[in-house]
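Student: With the first letter of the sequence shown counted as 1, position 36 gets the number 36 in the UniProt record's numbering; the numbers rise by one all the way through. For reference, the structure I am asking about is given below.
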Amino acid sequence: MNNKNAPFPYWIIILLITLAIAYFIRHDVFTPYEVQGKSMYPTLYGGEILIVNKWIYQFDEVEFGEIIVFHMHEPGKKSKDFIKRVIGLPGDHIIIQAGKLIRNGELLQEDYINEPMNNDRPVDITIPKEKLFVLGDNRNNSKDSREIGLVDLHDVVGRVEVIIYPWERMRCLSDDDGAN
């Protein structure tokens with residue numbers, strides 16, 4: 001019995017559209033990342049799950065103090081994603097000397113770090129166009145711009161927005177990251 005007048009199950013179309021939208025949002029807008037290691041301690045702990053906004057920089061520029069995810073390319077190795085804090089923007093002059101961090105002639109007061117920097121990697125650099133200078137909040141245990149060099153803006157994946165796990169540490173980072 002073939003009934004050509006039977007109503008088309010529109011719920012199937014609605015379900016498929018909903019799944020397509022969910023897939024798009026999950027893969028192209030907001031993506032979860034797991035923190036690996038201790039380089040962002042005490043702001044982020046190893047094992048925490050974060051939500052990264054991958055679209056934010058399509059509409060806005062990277063700002064000082066934001067915590068970002070970026071692709072790190074090492075010759076002969078597979079690209080890895082790193083999570084660091086933006087300290088220097090294009091045109092900024094960054095000096096690290098005697099454990100002090102100076103940005104554009106101003107000594108930074110960084111309430112989000114646990115201990116002062118060792119003076120084993122002095123820096124004096126003006127950040128060129130399309131580049132960023134990034135540091136881990138755990139300055140003495142971080143592979144960051146002092147070691148890996150500057151980050152290309154096109155390698156930035158997105159901005160860390162929220163810690164979603166563990167539940168007791170859940171909070172929005174884009175509002176209270178302590179950089180301002």
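Note that the Cβ used here is the ideal one computed from N, Cα and C, for glycine as well. Just so it is clear, the structure is predicted and the values come from calculations on it, not from any experiment.
1) Provide the residue(s) that pair with T126 in DSSP beta bridges, ordered along the chain.
2) Alpha carbon to alpha carbon, how far is F59 from L16? Give it in angstroms, no decimals.
3) What number of angstroms, rounded off, separates the C-alpha of A20 from the C-alpha of D137?
4) Indicate the three-state DSSP secondary structure (helix, strand or coil) for H71 in the structure shown.
5) Take the Cβ of K84 as the centre, count every other Cβ of all protein chains shown within 10 Å, and call the residue buried at 16 or more, exposed below.
6) Once DSSP output is grouped into helix, strand and coil, what is the label at T31?
7) Relative to the alpha-carbon of V160, which residue among I56, Y41, I13 has its alpha-carbon at the smallest distance?
8) In three-state terms, what does DSSP make of Y10?
9) Is there contact between the stretch 108-121 and the stretch 150-160, where contact requires at least three CB pairs shorter than 8 Å?
10) Can you tell me where the alpha helix (DSSP H) with Y112 in it begins and where it stops?
11) Alpha carbon to alpha carbon, what distance is there between W11 and A179?
12) Just mark L89 as buried or exposed, buried being the case when its beta carbon has 16 or more other beta carbons within 10 Å.
13) Assign A179 to one of three DSSP states: helix, strand, or coil.
14) If you drop the 5 nearest sequence neighbours on each side, which residues of the same chain put their C-beta closer than 7 Å to that of I95?
15) So I68 and G158 are in contact, right, with Cβ under 8 Å, and what is the actual spacing, rounded?
Tutor: Quick look at the numbers:
1) The partner list for T126 (beta bridge, DSSP) reads H93.
2) Their Cα atoms are separated by approximately 29 Å.
3) Rounded to whole angstroms, the gap between the alpha carbons of A20 and D137 is 37 Å.
4) Reduced to three states, the DSSP call for H71 is strand.
5) Burial call: buried.
6) Here T31 sits in strand by DSSP.
7) Per the Cα distances, I56.
8) Y10: helix per DSSP, three-state reduction.
9) The answer is no - the stretch 150-160 does not touch the stretch 108-121, with fewer than three Cβ pairs under 8 Å.
10) Taken as a continuous stretch (DSSP letters only), Y112 belongs to no alpha helix (DSSP H), as it is neither H nor E.
11) Any reading at A179 needs caution, since the residue's pLDDT is 48, under 50, leaving its predicted position unreliable; the model's value is listed next. One alpha carbon belongs to A179, the other to W11, and they sit about 48 Å apart.
12) Classification of L89: buried, given that the 10 Å Cβ count is 16 or more.
13) Here A179 scores only 48 on pLDDT, less than 50, and its place in the model should not be relied on; the value that follows carries that caveat. Looking at A179 - three-state DSSP - the assignment turns out to be coil, as it is neither helix nor strand.
14) I102, V123, D124.
15) Yes, I68 and G158 are in contact; Cβ-Cβ is about 7 Å, under 8 Å.
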